[in-house]
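Residue numbers (my numbering): 388 to 625.
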């Protein structure tokens, strides 16, 4: 049940079939021996992660060249952003010496801010299930748009609780970004309003069922979205 947990052996022990060796500590093992619960230890990984997702194509080409990797792109041109790479993992890229990328125009990437101070748990869930936790851009499919509300669907497992936090009090402004919490059937739906409302939140749920997580900066890009379209988001600083 601890699948995905990471362990550092501080002494020799018999091999465990439940553990897969992924690397070795080459410096600083003493920190692991004296660390206590709650301590944070900085880790530098070698080789450094090779991740182009979210970069402009120009930056991706320069970075690949700096690491002696041959890059090929589906489309070349100015103002394009990398949305995926193949191979995905660093070791596969470095082993093969080549990487293929898929790109989209920068105008299709929507800038957002996230409010960790007021909705830390919901922001964490949003980053996890859009991919923003792992890359500089994340994605969600657009569900549909109606009555000045645009909705997106995050595939959040039923085992994940979206507890109410940072719910609206009196009015929701245009551009406010929110996720439906566990008090409603549409838990996990993400939405934004194009006009203010004093009655319903950005996901068209009552205020009690709405967790405000941030703001959509590029509201002009929302209007042109189509149902079922995969939408890309970039988190920016306030």
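Just so you know, even glycine gets a beta-carbon here, dropped at the ideal spot from N, CA and C. A quick note: this is a predicted structure, and the numbers were derived from the prediction, not measured.
Simplified DSSP assignment, three categories, for residue i
i	result
residue 499	strand
residue 614	coil
residue 400	coil
residue 566	strand
residue 471	strand
residue 596	helix
residue 395	coil
residue 453	helix
residue 609	helix
residue 602	strand
residue 558	coil
residue 464	coil
residue 578	strand
residue 624	coil
Test item: CB-CB of residue i and residue j under 9 Å
i	j	result
residue 521	residue 433	no
residue 600	residue 509	yes
residue 561	residue 593	no
residue 488	residue 444	yes
residue 596	residue 570	yes
residue 646	residue 590	Outside the modelled stretch of the chain, which goes from 388 to 625, sits residue 646, for which no answer is possible.
residue 577	residue 566	yes
residue 535	residue 580	yes
residue 588	residue 559	yes
residue 422	residue 430	no
Close-in-space but distant-in-sequence residues of the same chain around residue i (CB under 7 Å, 5 per side omitted)
i	result
residue 492	466, 467
residue 602	499, 500, 562, 563, 564
residue 460	444, 488, 490
residue 604	498, 499, 500, 623
Beta-carbon contacts of residue i that lie in its chain and below 6 Å, excluding the five residues immediately before and after
i	result
residue 586	none
residue 626	The question about residue 626 has no answer here: the residues shown for the chain are numbered 388 through 625.
residue 575	541, 543
residue 629	This structure cannot speak to residue 629, because the chain is shown only from 388 to 625.
residue 514	520
Cut-off 8 Å between Cβ atoms - residues of its own chain near residue i, not counting five sequence neighbours on either side
i	result
residue 457	451, 484, 485, 486
residue 412	395, 419
residue 619	468, 470, 491, 495, 496, 497, 524, 525, 526
residue 553	502, 505, 506, 509, 598, 599, 600
residue 548	569
residue 463	444
residue 517	525, 526, 527, 541, 620
residue 397	416, 419, 420
Proximity test, Cβ basis, 9 Å: residue i and chain B
i	result
residue 389	Of the protein chains in the structure, only one exists, and it is not chain B.
Given 8 Å, three or more beta-carbon pairs between the stretch 417-426 and the stretch 456-473:
no
Does the structure place the stretch 523-543 close enough to the stretch 474-493 that three or more beta carbon pairs sit under 8 Å?
no
4 or more residues per run - each alpha helix (DSSP H) lying fully within the stretch 474-550:
477-483, 507-517
Continuous alpha helix (DSSP H) assignments of at least 4 residues falling wholly in the stretch 404-447:
416-421
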